[in-house]
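Novice: If you scroll down you'll find the structure; I have some questions about it.
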Amino acid sequence: MRRAGVLSLVALAPFARAVPAQDSTVQSGVRIGITYAPGTRASLAVMRTASAAGLDSVRAILERDLDHSDRFEVLWRPSAGDVVDSTAIARVVRGGPAQVIALVGDSGGLARITVMDVRSGQWLHRARLPLGDVTAREFRLRVHALADDIVREVAGQAGAAATALLFVQAGRLWQVDADGHGVRALRAAGSPALSPAWAPDGRRIAYTAFVRSGQPIVVQDLASGARTMVPTTEYGLNITPSFAPDGRRLAFAHGTEAGTDIYVWEGGTGVSRLTVGRFADNLSPAWSPDGARIAFVSTRARSPQLYVMNADGTDQEVLARFDFGATGTTSSPAWSPDGALVAFHREVGGVPQVFVLDVAGRAVRQVTGSGRNEDPTWAPDGRHLAFVSTRGGRRDLWVVDLETGRLRQLTSVGGARLPAWSPRFTLTAERE
Amino acid sequence: MKRSTMCRLAVLWAVLLNAACSQNPQPQAATPADSTALRARADSIARAERARADSLAVARRDSIARADALTERSRGDSVRAQILENGGSASPATASGLAAAAEAVLFETVLFEYDRADVRPDQAAKLEAKLAILRANPRLEVQIEGHCDERGPDEYNLALGNRRAAAVKRWFVEHGIAEARLTIVSYGEERPAEQASTEDAFARNRRAEFRVTRAAR
Chain A
1 MRRAGVLSLV
11 ALAPFARAVP
21 AQDSTVQSGV
31 RIGITYAPGT
41 RASLAVMRTA
51 SAAGLDSVRA
61 ILERDLDHSD
71 RFEVLWRPSA
81 GDVVDSTAIA
91 RVVRGGPAQV
101 IALVGDSGGL
111 ARITVMDVRS
121 GQWLHRARLP
131 LGDVTAREFR
141 LRVHALADDI
151 VREVAGQAGA
161 AATALLFVQA
171 GRLWQVDADG
181 HGVRALRAAG
191 SPALSPAWAP
201 DGRRIAYTAF
211 VRSGQPIVVQ
221 DLASGARTMV
231 PTTEYGLNIT
241 PSFAPDGRRL
251 AFAHGTEAGT
261 DIYVWEGGTG
271 VSRLTVGRFA
281 DNLSPAWSPD
291 GARIAFVSTR
301 ARSPQLYVMN
311 ADGTDQEVLA
321 RFDFGATGTT
331 SSPAWSPDGA
341 LVAFHREVGG
351 VPQVFVLDVA
361 GRAVRQVTGS
371 GRNEDPTWAP
381 DGRHLAFVST
391 RGGRRDLWVV
401 DLETGRLRQL
411 TSVGGARLPA
421 WSPRFTLTAE
431 RE
Chain B
1 MKRSTMCRLA
11 VLWAVLLNAA
21 CSQNPQPQAA
31 TPADSTALRA
41 RADSIARAER
51 ARADSLAVAR
61 RDSIARADAL
71 TERSRGDSVR
81 AQILENGGSA
91 SPATASGLAA
101 AAEAVLFETV
111 LFEYDRADVR
121 PDQAAKLEAK
131 LAILRANPRL
141 EVQIEGHCDE
151 RGPDEYNLAL
161 GNRRAAAVKR
171 WFVEHGIAEA
181 RLTIVSYGEE
191 RPAEQASTED
201 AFARNRRAEF
211 RVTRAAR
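These protein sequence lines map, in sequence, to chains A and B. Take the first sequence: its letters are residues 1 to 432, numbered as in my numbering. Take the second sequence: its letters are residues 1 to 217, numbered as in my numbering.
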């Protein structure tokens, strides 16, 4: 009975504040976090309660994002046309196993999203957003951001739906939203363009462009397309750019006749050198989230392995232990957003597999085992990794949830490689 | 007579190449999940390791001796005359300013072992022949391109290709060619000579290529 009472409240309660016409169109309501038993996932149903145009797309995007967050057991997927009334909702609440319901309703041209903890009857999240063209990137992004908010309110940490990934295919740079929607090519400075990397602001990217004079590191503004060449990279081999968390410094590897070494550009005209390889290769710098340490690949002991150093190049040491001559080629480090883990790939029997290293204890855990799996990149939620895998037959991007082991295929383009997962977008950054 | 030397060299390379190929098992499609292909891959790595046992010092001494002998013969312009066989300063046969036969020698690819950048003993003869052309054509400037097979991390392969090109350049510099005449570039695994994922294709893709950046005349 109490549940039914809450339900009618959900159905009728007007929002206290009117939605302002300008910027902050996503309004958050009461926020009461709910802690579920560790290791279990809250069961969730996403339903729509009105038939206004676009509402079902909002519902479908939300449902998929919440599913991809791997924080919920998504229970009930009504077919696309279904609109549920309060009786149907009451039936789900009374008889169903749903612990959380998300209702997508209509509020005078706005989508109204209400998320409720069924058992306590508490509202976990309320938001409104103006209905728009569901094929438009910005509108989809607003729905993704809303899904991330819901995940934060219910599970304590935001989701990673309002993000995109860069990758390379056929020598070009591509971008795809984290839900696999909207694969699109970027105009790059040269071909092939390799090793795309995001700036922490999500507005700029860096990559290696093969141009006539050499292979410079190019920094490109996504909205305007404006490009800057990193000083000293006009000539020769310049690869694996990586922005520091401050968004100002950029580490990269520069190859000469004496080998390949890691340098840092601090935004001025000069660069400083961090490694002295003497005919060895040092490449693929990956910053720790506090900006203090850099993981990297080095061939100083013949086979490529993982090392770590301070951001000024001091205190270089082995990061992932290896047996000389026995441990396979190890490459592509990526530091997790919380700093606790470094993902990388290592050849096992000549086949690359994704591993995760616990930075404090230095223990490694193999994450993949089927097909070739390489070049892991972290989602900003710190629990999902995207990587290149041949498990589907061709090289495509896949996403694994490290907590549940759940996998999903992100792209179906074939020949995809070198993915880079963006930070969470702020909506203004995406406005074009 | 010089021509017959060149021909003998060419035949020797062909024999060496064939010998190298015939050691390989049947070319196999390297579908990643295919354990046969994996074994073949492991075998090729093992072969590469064995090949490393060859004494590089001996190889280098031999190659220097052979190169010196070639250079000795080139004195008196006999090699130059042969290489620039179209005769004197008349219209060059090619954009490089070299005779077609000389260009073919210069452009012949040099092959490498898996994940190695040092000059293979069995490839030194190719470098010696190129050395003679570089010595006979002091204006000639060359870019050395390092390439890799598709195995190994994509980005690491750019560094590996760079080391391969650098190793070839170093070989020429150690044999007396001015550094300024040689530039290097790495294409990693981005420009395979052959697309197939077979041992033969891998072997042909692990290579240095040569491009003329300044014509011989």
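Backbone N, C-alpha and C define an ideal beta-carbon position, used for all residues, glycine too.
For the structure I just gave you, are there three or more beta carbon pairs, one from the stretch 174 to 193 of chain A and one from the stretch 142 to 155 of chain B, closer than 8 Å?
Specialist: With the cut-off at 8 Å, the stretch 174 to 193 of chain A and the stretch 142 to 155 of chain B do not touch.
Novice: Please name the residue, chosen from W421/A, S51/A, D381/A and L397/A, that lies closest to L66/A on a Cα-to-Cα basis.
Specialist: Looking at the Cα atoms, D381/A is the closest of the given residues.
Novice: Against chain A, does A166/B count as a neighbour if the rule is that its beta carbon must be under 8 Å from one of theirs?
Specialist: At least one chain A Cβ lies under 8 Å of A166/B.
Novice: Could you check whether the Cβ of G97/B sits closer than 8 Å to any Cβ belonging to chain A?
Specialist: For G97/B, the answer is no, since every Cβ of chain A falls outside 8 Å of its Cβ.
Novice: So who's on the other strand from I150/A, going by DSSP bridges?
Specialist: Partner(s): none; I150/A has no beta bridge.
Novice: By the 10 Å Cβ neighbour count, where 16 or more other Cβ atoms means buried, how is T314/A classified, buried or exposed?
Specialist: Result: exposed.
Novice: Along the chain, where does the beta strand (DSSP E) containing P238/A start, and where does it finish?
Specialist: Note that residue 238/A is Asn in the sequence shown, not Pro. Note, N238/A: beta strand (DSSP E), G236 to F243.
Novice: Indicate whether at least one CB of chain C lies closer than 8 Å to the CB of R163/B.
Specialist: Here the protein chains are A and B, and chain C is not one of them.
Novice: G415/A CB to nearest chain B CB: under 8 Å?
Specialist: False, the Cβ-Cβ gap to chain B never drops below 8 Å.
Novice: How far does the alpha helix (DSSP H) with L106/B in it extend, from its first residue to its last?
Specialist: A100 to F107 is the span of the alpha helix (DSSP H), which, as asked, contains L106/B.
Novice: Find out if the Cβ-Cβ distance for the pair A215/B, V185/B is shorter than 8 Å.
Specialist: No, Cβ-Cβ distance for A215/B and V185/B is not below 8 Å.
Novice: Distance cutoff 8 Å, beta carbons only. Does A158/A sit that close to anything in chain B?
Specialist: Taking Cβ atoms only, chain B never reaches closer than 8 Å to A158/A, which makes this a no.
Novice: Rounded to whole angstroms, what is the Cα-Cα separation between R204/A and R94/A?
Specialist: Their backbone Cα atoms lie some 49 Å apart in a straight line.
Novice: Between the beta-carbon of T260/A and the beta-carbon of A253/A, is there less than 8 Å?
Specialist: Yes; because the gap between Cβ atoms is below 8 Å, this pair is in contact.
Novice: Comparing alpha-carbon positions, which option in R211/B, P192/B, I133/B and V142/B lies nearest A180/B?
Specialist: The option with the nearest alpha carbon to A180/B is V142/B.
Novice: Let me know if F425/A comes out buried or exposed under the rule of 16 or more other beta-carbons within 10 Å of its beta-carbon.
Specialist: It counts as buried.
Novice: Return yes when the Cβ of V212/B is within less than 8 Å of the Cβ of W171/B, no when it is not.
Specialist: Not a contact, by the Cβ cut-off of 8 Å.
Novice: Residues in the same chain with beta-carbon distance under 7 Å from E145/B, minus the five sequence neighbours each way, listed in chain order, please.
Specialist: Hits under 7 Å: A165, V185, Y187, A208, E209 and R211.
Novice: Judging by CA-CA distance, which residue of V134/A, V151/A, L357/A and A136/A is the nearest neighbour of L124/A?
Specialist: Checking every option, the nearest Cα to that of L124/A belongs to V151/A.
Novice: Need the endpoints of the beta strand (DSSP E) that L66/A sits in, please.
Specialist: First-last for L66/A: L55 to H68, but that is the alpha helix (DSSP H), not the beta strand (DSSP E).
Novice: Please list, in chain order, the chain A residues whose beta carbon lies closer than 7 Å to that of Y114/B.
Specialist: Within chain A, no residue comes near Y114/B; the closest Cβ sits about 10 Å away, beyond 7 Å.
Novice: Is I177/B helix, strand or coil when you go by DSSP?
Specialist: Residue state, collapsed to three classes: coil.
Novice: Output yes or no for whether 8 Å exceeds the beta carbon distance between S120/A and L75/A.
Specialist: No.
Novice: For the 8 Å Cβ check, are there 3 or more pairs between the stretch 339 to 354 of chain A and the stretch 317 to 330 of chain A?
Specialist: Yes, they touch.
Novice: Tell me where the beta strand (DSSP E) around N310/A begins and ends.
Specialist: Q305 to N310 is the span of the beta strand (DSSP E), which, as asked, contains N310/A.
Novice: Going by Cα to Cα distance, which pick from V271/A, L103/A, E73/A and R71/A is closest to S86/A?
Specialist: That would be L103/A, whose Cα lies nearest to the Cα of S86/A.
Novice: Can a CB atom of chain B be found closer than 8 Å to the CB of D323/A?
Specialist: Not closer than 8 Å to any Cβ of chain B, the Cβ of D323/A fails to qualify, so no.
Novice: For chain B, check one thing: does any of its Cβ atoms lie closer than 8 Å to the Cβ of D396/A?
Specialist: No, D396/A does not count as interfacial toward chain B.
Novice: Hey, how far is the Cα of Q195/B from the Cα of C148/B?
Specialist: Cα to Cα, the separation comes out at about 12 Å.
Novice: Between H437/A and L222/A, what straight-line distance do the alpha-carbon atoms span, to the nearest angstrom?
Specialist: The requested residue 437/A does not occur in the structure, where chain A is confined to residues 1 to 432.
Novice: Could you spell out where the alpha helix (DSSP H) holding L131/B opens and where it closes?
Specialist: Start and end: A124 to A136.
Novice: In chain order, which continuous runs of the beta strand (DSSP E) of length 3 or greater are located wholly inside the stretch 184 to 242 of chain A?
Specialist: Taking only runs of at least 3 residues, the beta strand (DSSP E) segments lying wholly in the stretch 184 to 242 of chain A are 184 to 186, 193 to 198, 204 to 209, 217 to 221 and 227 to 229.
Novice: With a cut-off of 8 Å, does the C-beta of G259/A fall near any C-beta of chain B?
Specialist: Output row for G259/A: interface = yes.
Novice: Is the CB-CB distance between A147/A and G159/A below 8 Å?
Specialist: The answer is yes: Cβ separation under 8 Å.
Novice: Check whether the Cβ of D122/B lies closer than 8 Å to any Cβ atom in chain A.
Specialist: Not one chain A Cβ lies under 8 Å of D122/B.
Novice: With a threshold of 8 Å between beta carbons, is S298/A in contact with chain B?
Specialist: It does not: the Cβ of S298/A has no partner Cβ on chain B nearer than 8 Å.
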